[in-house]
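2 protein chains.
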Amino acid sequence: MTTATLDDLQIGFRQAMRRVAATVSVVAVQRGSERHGTTATSLTSISMDPPSILVCFHKTGRLHDFLHDQERFSVNVLHTDNLATSQAFASPLTAEERFAIGDWRTDAEGGLFLADAQVNLFCIKEREVSYGSHTIFIGRVVGVRTRSDISPLIYSDGGYSGCATLSGKVTD
Amino acid sequence: MTTATLDDLQIGFRQAMRRVAATVSVVAVQRGSERHGTTATSLTSISMDPPSILVCFHKTGRLHDFLHDQERFSVNVLHTDNLATSQAFASPLTAEERFAIGDWRTDAEGGLFLADAQVNLFCIKEREVSYGSHTIFIGRVVGVRTRSDISPLIYSDGGYSGCATLSGKVTD
Numbered sequence: 378m379t380t381a382t383l384d385d386l387q388i389g390f391r392q393a394m395r396r397v398a399a400t401v402s403v404v405a406v407q408r409g410s411e412r413h414g415t416t417a418t419s420l421t422s423i424s425m426d427p428p429s430i431l432v433c434f435h436k437t438g439r440l441h442d443f444l445h446d447q448e449r450f451s452v453n454v455l456h457t458d459n460l461a462t463s464q465a466f467a468s469p470l471t472a473e474e475r476f477a478i479g480d481w482r483t484d485a486e487g488g489l490f491l492a493d494a495q496v497n498l499f500c501i502k503e504r505e506v507s508y509g510s511h512t513i514f515i516g517r518v519v520g521v522r523t524r525s526d527i528s529p530l531i532y533s534d535g536g537y538s539g540c541a542t543l544s545g546k547v548t549d
Numbered sequence: 378m379t380t381a382t383l384d385d386l387q388i389g390f391r392q393a394m395r396r397v398a399a400t401v402s403v404v405a406v407q408r409g410s411e412r413h414g415t416t417a418t419s420l421t422s423i424s425m426d427p428p429s430i431l432v433c434f435h436k437t438g439r440l441h442d443f444l445h446d447q448e449r450f451s452v453n454v455l456h457t458d459n460l461a462t463s464q465a466f467a468s469p470l471t472a473e474e475r476f477a478i479g480d481w482r483t484d485a486e487g488g489l490f491l492a493d494a495q496v497n498l499f500c501i502k503e504r505e506v507s508y509g510s511h512t513i514f515i516g517r518v519v520g521v522r523t524r525s526d527i528s529p530l531i532y533s534d535g536g537y538s539g540c541a542t543l544s545g546k547v548t549d
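One line per chain: the protein sequences are A and B, in this order.
Last residue of the first sequence? That's 549 in the numbering used here, and every number before it is there in order.
Last residue of the second sequence? That's 549 in the numbering used here, and every number before it is there in order.
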């Protein structure tokens, strides 16, 4: 490890995180008659018991306020078929323009979900952990929908990818 | 969303998380003359300022105790070349047997790192957040090494993959 200034570290950390491939999700929240959603790659499962996940968002983002205000949110893990939805929810489009891209629906409990996503996780927010510029939102999963064909949309090195099985290399 | 029992939910959640592709890392900790490490897919960056990440581990795991006891740990994000290292650190091998698989080194500050990993993140543990069966460990990144060729090792649908660029589909 070389000694580095904070600027050097931030540049190095940014380069490092470009090398961490992550599945793309759209996190969506309904607040009264308003809805909002944004693309995220910070999804991680925490535990199976209870089924739970976390997502991290910058405190200055508009979705952060929605997540802070509301009890429920959904995580819509994207399929490679959902590329246009990923791009829309990471763009300057308004919320309503974003939700026009993809087959968005509302369930009986008012949960927003993308019908042809790889996975829909319906979550109840259980905790918010503030850290620096971001908040870690912990959600308990109370409902799950999955799409049978498996082809998660991945973001890596500044672009979109799918998975390519390492055939012949896997021994376990 | 259908009403589900906890068992149904856990089965559904497990199926769902198989569909979330994640980059594989080995988290490593030195404690006196002992060292331990294990494969993890729960890495997420939190913020750029300060550069910071989180990882989640089950409280009954051996690495959990090492992380709880020590101030420093490393996250070694794996390259597709590091497949054997991933398998070793997810196996019943002892710690010393695991560290024999791959080019593991120790830096001047005692930080363990895999020299040919995709990325090495040298972290100082800043916070532990207990949630259910797991602990979320928050690390401030104080040093970074990156490998220039980009080919992160991915775990998805119960197997190992690499990235395959969605050429022709990306418009941004």
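C-beta atoms are modelled at their ideal positions from N, C-alpha and C, and glycine is treated no differently.
For clarity, every value in this text was computed on a predicted model and none was experimentally measured.
Each residue's CA atom was taken as its position, placing Asp385 (chain A) and Ile430 (chain B) some 17 Å apart. Secondary structure of Leu498 (chain A) (DSSP, three-state): strand.
Contacts with chain B at 9 Å (Cβ-Cβ) do not include Ala477 (chain A). The residue among A:Val519, A:Arg396, A:Gly414 and A:Leu420 with its C-alpha nearest the C-alpha of Gln464 (chain A) is A:Gly414.
Under the three-state reduction of DSSP, Arg396 (chain B) is assigned to coil, being neither helix nor strand. Within chain A, the residues placing a beta-carbon under 9 Å from that of Gln387 (chain B) are Met425, Asp426, Pro427 and Pro428, ordered along the chain.
Separation of Phe443 (chain A) and Asn459 (chain B) (C-alpha to C-alpha, rounded to the nearest whole angstrom) is 41 Å. Under the three-pair Cβ rule at 8 Å, the stretch 470–479 of chain B does not count as touching the stretch 424–438 of chain B. For Gln392 (chain B), the chain A residues whose Cβ falls inside 8 Å of its Cβ are Val521 and Thr523, in order along the chain.
Within the model, the alpha-carbon separation for Ser468 (chain B) versus Leu440 (chain B) is close to 13 Å. In the structure shown, the three-state DSSP call for Leu431 (chain A) is strand. Note that the C-beta distance between Val401 (chain A) and Leu489 (chain A) is not below 9 Å.
DSSP places Ala541 (chain A) within a strand segment (E or B) once states are collapsed to three.
Contact of His511 (chain B) with chain A is assigned, a C-beta pair being separated by under 9 Å. Just measuring C-alpha positions, the residue of A:Thr542, A:Ile531 and A:Trp481 sitting nearest Leu543 (chain B) is A:Ile531. Take the alpha-carbon of Leu420 (chain B) and the one of Thr523 (chain A): they are about 23 Å apart. According to the DSSP assignment, Ser528 (chain A) belongs to no alpha helix (DSSP H), since it is labelled neither H nor E.
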